[in-house]
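Numbering (the working numbering), first residue to last: 1 to 408.
Quick reminder that beta carbons are idealized off the backbone N, C-alpha and C, glycines included.
Everything below concerns the one structure shown next.
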C-alpha cells in the first residue's frame, strides 16, 4: 500500500475529512453551509485521519461523554463516530490501523467503555465491540389503538419554539438517564436534533415538527416527545396524516404511555411511526387492539467495547442471585483486561480461581448492559455449552433493558 500519515486533525480540516467519511458512507460532498454548521462538532472531539499526500483517505473519531450502566452509575464513554475509508483504499488494513490507534488513545485518556452505532455490523467484533442493545421500528394504527386501557394522568403541553433550548436538554438530563445505555448529549447534538422544531415550515405543505412535554399531577415536567407530522398521499387521491416520533423520553414507563396517549389522540394522523423505539416499550400492552402496534423492523442499536474491565464490572449492579460466578476474560489489546472476576449480587472483584466460563472481551461487552442474555449466546454457540447461564442471566440481565436513543 502507498505510504500514508495518520495524525490528529482540527476543525479547520473538517471539510475535506467529512467528504471522505461521506464517500465511505454513500453520501455526497458536504455543502459549505453544513461544513460551517458542523465546525463546532469537530472542535469537541478527538479525530484521527489518514492522509496520502494532501488527501484524506480514512478517518475515525470519538466524542467524550458518559453512559448509564445498570444501577445508575455513569461511566466515561468514548462515542466512536465518523468511521470511514475511501472505497479506493479499503481492504488494505487501514481501518484496523485507525481503529486500533483510536482505542489506544481512548484507553489512555481514561474512557471506561467505547460505544458506536454500526453502519456495517460485521466490522466491529474484531476490535472487541459486542452487540449490546436493540431497537425496533414501529407503526401504530391510531384509530385501532384508541382508547388506551390505562387511566390518564397529568397533562401535556406543546412547547413554543422559543422554549426548546431552555426546556428539552435539561429535561432529558433529568428524566431520561434511568435507562442503561442512555448517554449524555453535547450541545451540537441538540442543535442537530431540534433544528427542524426550531425553524418555521417553509411552506404550508412542509412537515410540522413539534415538542410536547408531559407534567405529572403536581405540575412537574416528567417527559417529552419530539415528533413530526405531515400529509401523505394515498391511493385514489386520498390523503392522510402521518406522524413520526424522533425522540421520546420519560421518567418511567407510565409517563411514556401518557406521551403516546397524546400522540394517538392528535386529529388527522392515521399512522404513527417510531424510527428507533425500545424493544420493551410498555405502551403496546394498553392499546385497545394490540395488533395496532406493528413492528416493522428490529435491528442492532448500540455496540459497546469495554476498555477497563475492572472499572466497568465494579460500576454496575447485579441481580439478586444467591450464588457467585467466576468469569474469565481474554483481551488481546489491553493486557490488564485479561483475568478472572468473581461476580455476585454484591458486586465484582478480581478472582484467583478457576473460571466457570471464559469469554473474549467482545462477548463480555455484549452482555455488560444487561440486554444480551448469556443463555442466548450459549444457544448460539458463542458461550460454552456448560456455562452456568441461568446464574449469569440472573446476575446480568436488566429489565427494562438497555436503550441509547442517541445517534452520534
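{"Asked": "Contact check, residue 276 vs residue 135, beta carbons under 8 Å", "Found": "yes"}
{"Asked": "Test item: CB-CB of residue 249 and residue 223 under 8 Å", "Found": "yes"}
{"Asked": "According to DSSP, residues forming a beta bridge with residue 101", "Found": "In DSSP, residue 101 forms no bridge with anything."}
{"Asked": "Under 8 Å between C-beta atoms of residue 11 and residue 43", "Found": "yes"}
{"Asked": "Spatially closest choice to residue 143 from 187, 185 and 290, by CA coordinates", "Found": "290"}
{"Asked": "Strand pairing of residue 331, partner residues [DSSP]", "Found": "Looking at the DSSP assignment, residue 331 forms no beta bridge with any residue, so it has no partner."}
{"Asked": "Supposed close pair residue 388, residue 325 - CB separation, criterion 8 Å", "Found": "6 Å"}
{"Asked": "Opposing strand residues paired with residue 344 [DSSP bridges]", "Found": "347"}
{"Asked": "Cβ-Cβ distance between residue 340 and residue 313 below 8 Å", "Found": "no"}
{"Asked": "Residue 58 beta carbon less than 8 Å from that of residue 80", "Found": "no"}
{"Asked": "Residue(s) in a DSSP beta bridge with residue 158", "Found": "212"}
{"Asked": "Which of helix, strand or coil DSSP assigns to residue 169", "Found": "helix"}
{"Asked": "Residues sharing a beta bridge with residue 183, DSSP", "Found": "67"}
{"Asked": "Residue 459 - partner residues in DSSP beta bridges", "Found": "Because the chain here runs from 1 to 408, residue 459 falls outside it and cannot be looked at."}
{"Asked": "Three-state secondary structure assigned by DSSP to residue 150", "Found": "coil"}
{"Asked": "Run of the beta strand (DSSP E) containing residue 410, from where it starts to where it stops", "Found": "For the chain, the structure presents residues 1 to 408; residue 410 sits outside this window and is missing."}
{"Asked": "Local Cβ density within 10 Å of residue 408, reported as buried at 16 or more and exposed below that", "Found": "buried"}
{"Asked": "Any 3 or more C-beta pairs closer than 8 Å across the stretch 138-154 and the stretch 355-373", "Found": "no"}
{"Asked": "Nonlocal neighbours in the same chain, by C-beta distance under 6 Å from residue 246, ignoring five residues either side", "Found": "226"}
{"Asked": "Unbroken beta strand (DSSP E) run spanning residue 304, endpoints", "Found": "302-306"}
{"Asked": "CB contact flag (residue 158, residue 212, <8 Å)", "Found": "yes"}
{"Asked": "Closest Cα partner of residue 255 within the set 217, 68 and 122", "Found": "217"}
{"Asked": "Distance, residue 30 Cα to residue 108 Cα", "Found": "32 Å"}
{"Asked": "Contact set for residue 1: own chain, Cβ-Cβ below 7 Å, skip 5 residues either direction", "Found": "Residue confidence is low: residue 1 scores 49 on pLDDT, short of 50, so the model does not pin down where it sits. Its coordinate-derived value is still stated next. Closer than 7 Å at the Cβ level, and outside the excluded window around residue 1, lie 92."}
{"Asked": "As assigned by DSSP and simplified to three states, the class of residue 326", "Found": "strand"}
{"Asked": "Coarse secondary structure for residue 403, derived from DSSP in three states", "Found": "coil"}
{"Asked": "As assigned by DSSP and simplified to three states, the class of residue 128", "Found": "coil"}
{"Asked": "Outcome for residue 396 when other beta-carbon atoms lying within 10 angstroms are tallied against a minimum of 16", "Found": "buried"}
{"Asked": "Nearest candidate by alpha-carbon position, reference residue 154, set 25, 319, 335 and 257", "Found": "257"}
{"Asked": "Buried or exposed (CB count within 10 angstroms, at least 16 for buried), residue 380", "Found": "exposed"}
{"Asked": "Limits of the beta strand (DSSP E) - the one that residue 114 falls within", "Found": "113-117"}
{"Asked": "Residue 92, DSSP secondary structure in three states", "Found": "coil"}
{"Asked": "Among 40, 131 and 146, nearest to residue 285 - alpha-carbon criterion", "Found": "146"}
{"Asked": "Inter-residue spacing [alpha-carbon to alpha-carbon] between residue 65 and residue 237", "Found": "48 Å"}
{"Asked": "Residue from 35, 54, 33 and 67 whose Cα sits closest to the Cα of residue 7", "Found": "54"}
{"Asked": "Local conformation of residue 275 per DSSP, three classes", "Found": "strand"}
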